[in-house]
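Novice: The structure follows.
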Amino acid sequence: MTEVWSRRSFLSTAGGGAFLLGTPARRAAAEAAGDVHDGMRSVWRSLVLGGDLPTAAEPFRSRLAALGDQTAGWLGAMAPASGSLWPDLGFATDPEMLMQSYYRLRTMAEAYVRPGTGVTGSDTLRAGLLTGLDHLHARAYHAGQAPYGNWYCWQIGAPQALLDLCVLLYDQLSAAQLADFCAAVDHFVPDSAVGAYTGTSTGANRVDLCRVLAVRGVVGKQSAKIALARDALAPVFPYVTSGDGLYRDGSFIQHSWVPYSGTYGAVLLGGLGLLSGVLKGTPWALTDPGAQIVFDAVERAWAPFLFNGLIMDCVSGRAISRGLAAADVRQVRQDDHARGHAVLAGILLLGEGASAAERARWRALVKGWMARDYYSRPLADESLPLSSLARLAEVEGDPAVLAAAEPVGHRLFGAMDRATHRRPDWAASLAMASRRITHYETGNGENLRGWHTGSGMLCWWGATYGNGQYADAFWPTVDPYRLPGTTVSRKVLADGAGGDWGASRPDAVWVGGSTDGEFASVGQHLRGLSSTLTARKSWFFLADTIVCLGAGIRATDGAVVETVVDNRNLGATGTHALTVGGTVQPTALGWSAVFPSPGWAHIAGFGGYVMSGAGTFKALREQRDGRWSDVNRGGSTSVLTRRYLTLWYDHGTDPTAGSYVHQILPGATAAQTSARAAAAGWLTVLANSEVAQGVHVPSLGFTGVNLWQAGTAGPVEAGGPCSVTIRERPDGTATVRVSDPTRTQTALTVVWHRPVTEVVTRSAGVVSAVPGAVLRLGFADLTQAAGATQEVVVRLG
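Positions in the sequence shown are counted from 1; adding 326 to them yields the numbering used here.
Given below as structure tokens:
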């Protein structure tokens, strides 16, 4: 627990990993002595506290003691004044500070009711808590108060913390206090807050609002509120085709244009798990069959982005900039691993309401992710609340749960312009942008320099290496114009350029690709943020490599344009050797050089790179300083220093026809990289232009083509823009997979110039498939296919 929580980190994990074990007994005991509302209150208390913790065992003993010390410090610093409860949290004009004040009180209440904190049951602490609650109510959060500033603080942040306080301190509060606090919640979160599924009442926000209404009903013993909360969840479950929510392809969007599986997604999982748990066995049990969509999404929408305990940054929106808060005296970081641990806890909680088979699979997956997270051990994660820690510890210590291996395969998430590629020893993610999806999200002074994350940022991690690449102070210290994989104009951008809340969507429609679930052809018509830059970028995801092509790179900004092959974070002191063409390069900071292409490079401890295009590439070894406050106005001002090793193409100022061809080989040795560079027949580039980009790899039976318009690339011809992935099998069959990433084709013809004797199967979207000396395919209207891949299986001649 930290001194100042981010809103989402608090709400996504408070109780998000709590034990449900024993809750039926708790409910039954409470109901025997009272009514159903008392039973639900007992269950909610168990949910948010995590049941009976092993107070003498680590890490719980140390965490409980630290919680007590922290609480004692806050209690001593409490100084009620007209616009604050603590001097450092003035809320007269800033509702964020009001919300933080409630968070602080809630944390103190946990110390009061939890055994092992050293302040358990303290009369002095009890008096301070009651004083604080009354003060915040009188000065700001009461019926009749006009809200100011961010709506979120009034409708979600503050009331969730206040209602948890009411549950934890229920026996210490008078009937008048409970009535006043419930009236305050009713004022700021009326029933009309869930009257329409629109605006700020969608997706994870809707789940949060339903949590407020449900616990308000429990505390105030109003059944109608509980029923409303349950019923208002219904719009969250169905698949959506635009805006916030879950999509059929596994995408999860929040704020209309932002991929958000990593943070809002964790809120959705944890929130639904909490609500399912508290409603279970009551007249308001969650029985909506649509909830199965969320259960299905655990493995379809969340698992592809989880790797070794981290959740990939490309689905965490502006949260990537929350590494360390300015007021966080305990130096508890938020990074891709911490966000991943919160998702793991949310999955476990949701699993309590899932089928036995789903619950078993999820527990096995979580145990595997935990076991492999060597970089940031989940049970040592101080950003997790004790309730989440308890649930993760229970799974880790359960010998009946066998750790599952990482899922392997390729997944395209066309609705949010993302892709993940997972091999047995490494994983990668790709972030793009289009009319549907923003370049990046900024807002509330966060993620001020994430400008180019949607410009083709390609991230990758090894099974046993490189897992701290983006967790180790990457975002405040990296050159924001040199994010790995991106093509960017170095035109100087202002902090927050492009506008808040996902306003920076480019006017591009060809973004997406085709996949067979193992390999893929993915492309992006890139239009730069606040720039004239345009380019065609393709990635072909294969067994041990990612083949990267770029063409038509042009701009008139009067600035240099670059394509970043990779930009490796070497940590504070790293001196990883760089070998280029067999020669080990200097390790001195500030060293840079230009190398001819074709050529190859290898970074020790990471992998290799084969440059196949004409021209040159550059390398730079540098040390960079930065502060979290540079990228997030609420971030720490402490100076951080990290070393980077960067490989890139310099396309020059205002290029008119820039291009590149290279491979990335994660985990490859220098010898393997050299051998791939020397294997002239391994890869054939079929096309690399503004008409088409494509490659053929005979040893894999792979042909991948992205046609930006009607045209031809090698053996593939199409009458309009499309993506084509072909796999030829040793048994004499082949699969042809075609998609329309533009979502504009009302009819499409694709010809594969390869003899075919028989069409074995075809998708419903394939209206004709004619074998012969060539295979001729006709597709129906693809405008409503959402970029999904259509499949044809054939027997080769």
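Backbone N, C-alpha and C fix where the C-beta goes; we use that ideal spot for every residue, glycine too.
In this structure, does DSSP put Phe-932 in helix, strand or coil?
Specialist: Position 606 of the sequence shown, counted from the start, is the residue given in the question as residue 932. Coil.
Novice: Between the Cα of Ala-382 and the Cα atoms of Leu-595, Asp-976, Pro-441, which residue gives the shortest distance?
Specialist: One-based indexing of the sequence shown puts residue 382 at position 56. Among Leu-595, Asp-976, Pro-441, the Cα nearest to that of Ala-382 is on Pro-441.
Novice: Measuring straight from C-alpha to C-alpha, what distance separates Asp-1066 and Gly-822?
Specialist: The count along the sequence shown starts at 1 and reaches residue 1066 at position 740. The count along the sequence shown starts at 1 and reaches residue 822 at position 496. Going by the C-alpha atoms only, they are around 33 Å apart.
Novice: Considering Cα atoms alone, identify which of Ala-550, Gly-571, Leu-489 is closest to Ser-527.
Specialist: Locating residue 527 in the sequence shown gives position 201, where the first residue counts as 1. When each option's Cα is compared against that of Ser-527, the closest is Gly-571.
Novice: Report the three-state DSSP secondary structure of Leu-1122 (helix, strand or coil).
Specialist: Walking along the sequence shown from the start, residue 1122 turns up at place 796. Reduced to three states, the DSSP call for Leu-1122 is strand.
Novice: By Cβ distance below 7 Å, which residues in the same chain neighbour Ala-553 in space, the five residues on each side in sequence not counted?
Specialist: The residue you call residue 553 lines up with position 227 of the sequence shown. For Ala-553, where only same-chain residues beyond five positions count, the Cβ hits under 7 Å are Trp-610.
Novice: Name the DSSP bridge partner or partners of Ala-1044?
Specialist: Residue 1044 sits at position 718 when you count from the first residue of the sequence shown. Note: Ala-1044 sits in a beta bridge opposite Gly-1037, Val-1076.
Novice: Between which two residues does the beta strand (DSSP E) holding Asn-895 run?
Specialist: Taking the first residue of the sequence shown as position 1, residue 895 is located at position 569. That run of the beta strand (DSSP E) goes 886 to 897.
Novice: Look at the alpha carbon of Thr-1157 and the alpha carbon of Ser-918, and state the distance between them as a whole number of angstroms.
Specialist: Nothing can be reported for residue 1157, as the shown portion of the chain is limited to 327 through 1123.
Novice: For the region 995 to 1006 against the region 827 to 843, are there 3 or more C-beta pairs whose distance is under 8 Å?
Specialist: The region 995 to 1006, when compared against the region 827 to 843, does not touch it at the 8 Å Cβ threshold.
Novice: Taking Ser-962 and Ala-651 to be in contact with their CB atoms under 8 Å, please state how far apart those CB atoms are, rounded to whole angstroms.
Specialist: As a position in the sequence shown, residue 962 is number 636, starting the count at 1. As a position in the sequence shown, residue 651 is number 325, starting the count at 1. About 7 Å separates the two Cβ atoms, so the contact holds.
Novice: Which same chain residues, not among the five before or five after Phe-739, have their C-beta less than 7 Å away from its C-beta?
Specialist: Here the question's residue 739 lines up with position 413 in the sequence shown. Excluding sequence neighbours, Phe-739 sits near Asp-575, Gly-576, Ser-577, Ala-745.
Novice: Considering just the uninterrupted stretch of the beta strand (DSSP E) at Ala-1013, what are its terminal residues?
Specialist: Stepping through the sequence shown from its first residue, residue 1013 is reached at position 687. 1010 to 1014 is the span of the beta strand (DSSP E), which, as asked, contains Ala-1013.
Novice: Helix, strand or coil: how does DSSP classify Glu-678 here?
Specialist: Within the sequence shown, residue 678 is the residue found at index 352, counting from 1. Reduced to three states, the DSSP call for Glu-678 is coil.
Novice: Along the chain, where does the beta strand (DSSP E) that runs through Tyr-429 open and close?
Specialist: Counted from its first residue, the sequence shown places residue 429 at position 103. Unbroken run through Tyr-429 is the alpha helix (DSSP H), 421 to 439; no beta strand (DSSP E).
Novice: In three-state terms, what does DSSP make of Trp-777?
Specialist: Residue 777 sits at position 451 when you count from the first residue of the sequence shown. Trp-777 falls in the coil class under three-state DSSP.
Novice: Closest to Arg-1055 by C-alpha separation, out of Thr-913, Asp-842, Ser-1049, would be which residue?
Specialist: Within the sequence shown, residue 1055 is the residue found at index 729, counting from 1. The residue with the shortest Cα to Cα distance from Arg-1055 is Asp-842.
Novice: Return the residue from the list Leu-675, Arg-689, Asn-634 that minimises the CA-CA distance to Gly-666.
Specialist: The residue labelled residue 666 in the question sits at position 340 within the sequence shown. Minimum Cα distance to Gly-666 is reached at Asn-634.
Novice: Starting from the N-terminal side, write out each stretch of the alpha helix (DSSP H) that is 4 residues or longer and does not extend beyond the region 567 to 626.
Specialist: You should have 590 to 605, 617 to 623.
Novice: Return the CA-CA distance between Tyr-766 and Trp-827, expressed in angstroms with no decimal places.
Specialist: What you label residue 766 is simply residue 440 of the sequence shown in a count that begins at 1. What you label residue 827 is simply residue 501 of the sequence shown in a count that begins at 1. If I take the Cα positions, the gap works out to 9 Å.
Novice: Cβ of Leu-676 within 7 Å of Cβ of Gly-599?
Specialist: Along the sequence shown, one-based indexing puts residue 676 at 350. Along the sequence shown, one-based indexing puts residue 599 at 273. Cβ distance < 7 Å, so Leu-676 and Gly-599 count as in contact.
Novice: Can you tell me whether Leu-424 is buried or exposed? The criterion is at least 16 other CB atoms within 10 Å of its CB, across all chains shown.
Specialist: Position 98 of the sequence shown holds residue 424. Flag for Leu-424 reads buried.
Novice: For Ser-709, is the classification buried or exposed, using 16 other Cβ atoms within 10 angstroms of its Cβ as the cut-off for buried?
Specialist: Numbered from its first residue, the sequence shown carries residue 709 at position 383. With 16 or more other Cβ atoms within 10 Å, it is buried.
Novice: Can you tell me whether DSSP reads Pro-561 as helix, strand or coil?
Specialist: On the sequence shown, residue 561 is found 235 positions in, with the first residue counted as 1. Pro-561 falls in the helix class under three-state DSSP.
Novice: Kindly indicate which residue of Thr-1051, Ala-1036, Leu-1101, Thr-1083 has the alpha-carbon position closest to the one of Leu-277.
Specialist: Residue 277 lies beyond the stretch modelled for the chain, which goes from 327 to 1123, so this question has no answer here.
Novice: Closest to Lys-547 by CA distance: which of Pro-406, Arg-698, Val-374, Ser-368 is it?
Specialist: Here residue 547 refers to the residue found at position 221 of the sequence shown. When only C-alpha atoms are compared, the closest one is Ser-368.
Novice: Count the other C-beta atoms from every protein chain shown that fall within 10 angstroms of the C-beta of Pro-802, then say buried if there are 16 or more, exposed otherwise.
Specialist: Looking up residue 802 in the sequence shown gives position 476. Flag for Pro-802 reads buried.
Novice: What are the residues that DSSP puts in a beta bridge with Trp-786?
Specialist: Against the sequence shown, residue 786 aligns to sequence position 460. DSSP output for Trp-786 lists Ala-754 as bridge partner(s).
Novice: Under the rule that 16 or more other beta-carbon atoms within 10 Å means buried, what is Pro-806, buried or exposed?
Specialist: Here residue 806 corresponds to residue number 480 of the sequence shown, with the count starting at 1. The residue in question, Pro-806, is buried, as its Cβ has 16 or more Cβ neighbours within 10 Å.
Novice: How big is the Cα-Cα spacing for Lys-944 and Thr-812?
Specialist: Your numbering for residue 944 matches position 618 in the sequence shown. Your numbering for residue 812 matches position 486 in the sequence shown. Distance between the alpha carbons of Lys-944 and Thr-812: 15 Å.
Novice: Under three-state DSSP, which class holds Pro-350?
Specialist: The sequence position of residue 350 within the sequence shown is 24, counting from 1. Note that Pro-350 scores a pLDDT of 48, beneath 50, so its modelled location is shaky; the value from the coordinates is reported in the next line. Note: Pro-350 maps to helix in three-state DSSP.
Novice: Which residue comes first and which comes last in the beta strand (DSSP E) that contains Val-987?
Specialist: Counting from one through the sequence shown, the residue named residue 987 turns up at place 661. Here the beta strand (DSSP E) through Val-987 covers 984 to 992.
Novice: If you follow the alpha helix (DSSP H) that His-363 is part of, which residue opens it and which one closes it?
Specialist: Position 37 of the sequence shown, counted from the first residue, corresponds to residue 363. Run containing His-363: 362 to 375, per the alpha helix (DSSP H) assignment.
Novice: Short of 7 Å in beta carbon distance, which residues of its chain neighbour Trp-480, apart from the five on each side in sequence? Order them along the chain.
Specialist: For the purposes of this step, residue 480 is taken as residue 154 along the sequence shown, with counting starting at 1. Closer than 7 Å at the Cβ level, and outside the excluded window around Trp-480, lie Pro-421, Pro-473, Phe-514.
Novice: Which residue comes first and which comes last in the alpha helix (DSSP H) that contains Phe-1105?
Specialist: Within the sequence shown, residue 1105 is the residue found at index 779, counting from 1. That residue, Phe-1105, is in no alpha helix (DSSP H); its beta strand (DSSP E) goes 1101 to 1105.
Novice: Please classify Pro-728 as buried or exposed, where buried requires at least 16 other C-beta atoms within 10 Å of its C-beta.
Specialist: Start at 1 with the first residue of the sequence shown, and residue 728 comes out as number 402. Correcting the residue identity first, residue 728 is Leu in this sequence and not Pro. With fewer than 16 Cβ atoms within 10 Å of its Cβ, Leu-728 is classed as exposed.
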